[in-house]
Ligand SMILES: *Cc1c(COP(=O)(O)O)cnc(C)c1O
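Numbering (the working numbering), first residue to last: 10 to 343.
Written out as structure tokens, the structure reads:
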């Protein structure tokens, strides 16, 4: 039985063509700056996103951490969503390792932060307070795409208030593909952007932090400090380059599959949130655990959550989406 895994878009297996590109990668010691494929990936993504520099790192968590630590000193503060990955899902790294105080704010229904609330949270220049330095946004945010007009406002706002602006763009390309724009239309509003290669883009490992040469220089030093300096990392960077060349436009298929899944579940009477990209949220109430077991017996891997997240990706076909819908229907008619 082939398993359908909808827990996350991190579960994809590298394709034969991607593995072939990895096997053929020219490598060198990246801590010496000599890995040709890492250098190529950094230059390629920096130029794709309109930045002068970039840094390859093992994970998105490290990429965000280095970004926050490169922008902020000890005793500085960043404003961030209460539900944002950088705040909630990264072990408190910015506070623990960077001594950067988070100022979390509730995320709005569209995935944005209310700029009036951000303004009210900015601390006056007074030694009682941490120094508010940075606003961190996330796009997509739980599958939601931040409007371009909002990003332009956030950019003006941060300029007016002397803040830096960081994007956790783990799923930047899902947002760009959904909007039908070049990713630069999103990234041009930010001082730094973190992109995951190991989510919907299908690489096994890797994220890239983009920014100015000065910021990336600081991040490179911090990467060494947290143990993220890798040696012949070109075999991993090659997967990232392959992903950027082959797996961006196909994200539209994942979005179409998510849409079809949501449609099918709604038709079967399930309470499904509106879908924008590759995430479907279904209200399962107190049946979440029972359904997880029921689905697992039928080869479908899910999390057990009353607000169940289903994530589409390149290893889930449309036929398998139909199979998933049928399993929900079978469960609800028991
Ligand atoms: C997955 C993810 C990250 C972190 O990436 P890892 O490689 O798992 O550390 C950061 N932000 C968001 C929004 C993510 O989904």
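We treat Cβ as the ideally placed atom computed from N, Cα and C, and that holds for glycine.
Bear in mind the structure is a predicted one, so any value in this text is a computation, not a measurement.
Look at residue 330 and residue 256 and say whether their C-beta atoms are less than 8 Å apart. Their beta carbons are not under 8 Å apart, which means residue 330 does not touch residue 256 by this criterion.
Within its chain, find whatever has a CB closer than 8 Å to the CB of residue 23; leave out the 5 residues flanking it on each side and keep chain order. So the list reads 31, 211, 212, 213 and 248, once near-sequence residues are dropped.
Which residues count as close to ligand 1 when the rule is a CB under 5 Å from any of its heavy atoms, in chain order? In chain order, the residues that have a beta carbon nearer than 5 Å to some heavy atom of ligand 1 are 68, 69, 70, 94, 177 and 179.
Kindly identify the DSSP beta-bridge partner or partners of residue 288. Its beta-bridge partners are 320.
Buried or exposed: where does residue 72 fall if 16 or more other Cβ atoms within 10 Å of its Cβ makes it buried? Under this definition residue 72 is a buried residue.
Between 220, 199, 178 and 221, which lies nearest to residue 209 when the distance is taken from Cα to Cα? Here the closest residue by C-alpha is 178.
For residue 186, which residues from the same chain have a beta carbon less than 6 Å from its beta carbon, with the 5 sequence-adjacent residues on both sides left out? Around residue 186: 260 and 261.
Taking Cβ positions, are residue 144 and residue 88 nearer each other than 8 Å? Their beta carbons are under 8 Å apart, which means residue 144 touches residue 88 by this criterion.
Assign residue 249 to one of three DSSP states: helix, strand, or coil. Note: residue 249 maps to helix in three-state DSSP.
Option nearest residue 147 by Cα separation, candidates 132, 139, 170 and 113: Comparing Cα-Cα distances from residue 147 to each of 132, 139, 170 and 113, the minimum goes to 113.
Can you give me the Cβ contacts of residue 141 inside the same chain, cut-off strictly under 6 Å, excluding the 5 residues immediately before and after it? Only residues of its own chain outside the window of five on either side were considered, and among them 86, 131 and 132 have a CB closer than 6 Å to the CB of residue 141, listed in chain order.
Check whether the region 303–314 and the region 12–22 are in contact - that is, three or more C-beta pairs closer than 8 Å. Per the Cβ contact rule, the region 303–314 is in contact with the region 12–22 (3 or more Cβ pairs under 8 Å).
Where does the unbroken alpha helix (DSSP H) through residue 168 begin, and where does it stop? Bounds of the alpha helix (DSSP H) holding residue 168 are 157–169.
In this structure, how does DSSP classify residue 203 when only helix, strand and coil are distinguished? Collapsing the DSSP output to three states places residue 203 in a strand.
Which stretch, first to last residue, makes up the alpha helix (DSSP H) that contains residue 74? Per DSSP, residue 74 belongs to the alpha helix (DSSP H) from 69–80.
Cβ-based neighbour list, residue 238, same chain, cut-off 8 Å, excluding 5 preceding and 5 following: Closer than 8 Å at the Cβ level, and outside the excluded window around residue 238, lie 39, 40 and 232.
Between residue 320 and residue 45, what straight-line distance do the alpha-carbon atoms span, to the nearest angstrom? Spanning the two alpha carbons is a distance of roughly 34 Å.
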